[in-house]
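Accompanying notes for the structure given below.
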Amino acid sequence: MALNWTSSEIRVLNFKEGIMNIICLRKWFFLSVVLGLIVPHVSLAMSSTKGVDKRSATTELEHYFWYDGDEKRSVWVNPELIAEFNVQTEKNTQLSTSGVTKKANTQAVFVRFLNIGEEGITTQRIEKGINQNNNTRISPVLHDVASTSGVKKALPGNVLVQMKPDWSQEKINSWFEGHGLTAIKSLTFAPNTFLIQTKPGLDAIDTANRIYETGDVILSSPNWWQERVAR
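Heads up: the sequence shown begins at 289 in the working numbering, then just goes up one per residue.
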């Protein structure tokens, strides 16, 4: 059976828009795929408060919530599709200012949509969040509305967190360690903002919600990918 999928561009996070949205504390979310930083799951030493809501009487789609600033927002799971992210590394020849030729690795991330049940796409593979290929990550497809016709969103992995601005780096490191978290990278577009590792899929929502619900952070959002829609 042929794969039923379409290619879609990866939308890169506009850091300048991101910091303005952080200042506004409304309608912000991160749509970037942080290249090369999709990593295995890290367990949390916090009580689990998974962002799952019971199914609504008006829809059959399973839905979850996440925090957009201090507001809860819902997303609905598409029962028919998954998103498969593939990271490919290429070596490019570059000429430095000194005239010395050197090789530099660049990464391109591709996403396609697969029908669940085709080509061995199973619930177990979706939950594991990884294909046989180590460069491939799997996520459910989600929508901002209770309809499969909505704009597609997915979770390639990781969470973006902004800690309180008066916290020292030592205090932040201690907090991460105490909660079983690993910061992959410090992000420079806002103070005390970090990329926290998770596996792909719904684990990113769960982790982001648990971090936010500690009350110790300003913002905690899954690292969203979102389909680009022509206007």
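For each residue, glycine too, the CB sits at the ideal point set by N, CA and C.
Item                                                                                                                                                                           : Value
DSSP beta-bridge partners for S508?                                                                                                                                            : V449
Assess, as a yes-or-no matter, whether the stretch 507–518 is touched by the stretch 456–467 under the definition of 3 or more beta carbon pairs within less than 8 Å.         : no
Tell me which residue opens and which closes the alpha helix (DSSP H) that K459 is part of.                                                                                    : 457–466
Which same chain residues end up closer than 7 Å to A492 when comparing Cβ atoms and leaving out the 5 residues on each side of it in sequence?                                : L443, G445, N446, V447, T486, P510, N511
Roughly how many angstroms lie between the CA atoms of L369 and V449, to the nearest whole one?                                                                                : 28 Å
Label K440 either buried or exposed according to how many other C-beta atoms from any shown protein chain fall within 10 Å of its C-beta, with 16 as the threshold for buried. : buried
Which of the three DSSP states is assigned to T424 in this structure?                                                                                                          : strand
In chain order, what residues of the same chain lie with their CB nearer than 6 Å to the CB of N461, ignoring the 5 residues before and after it?                              : none
Since S427 and A371 should fall inside the 8 Å C-beta cutoff, what is the C-beta to C-beta distance between them, to a whole number of angstroms?                              : 5 Å
Per DSSP, I484 forms a beta bridge with which residues?                                                                                                                        : V447, A471
What are the start and end residues of the beta strand (DSSP E) that includes D356?                                                                                            : 351–356
Which same chain residues, not among the five before or five after P479, have their C-beta less than 7 Å away from its C-beta?                                                 : P453
Would F353 and S362 be called neighbours here (beta carbons separated by less than 7 Å)?                                                                                       : yes
Would DSSP call I493 helix, strand or coil?                                                                                                                                    : helix
Should V429 be labelled buried (16 or more other beta-carbon atoms within 10 Å of its own) or exposed?                                                                         : buried
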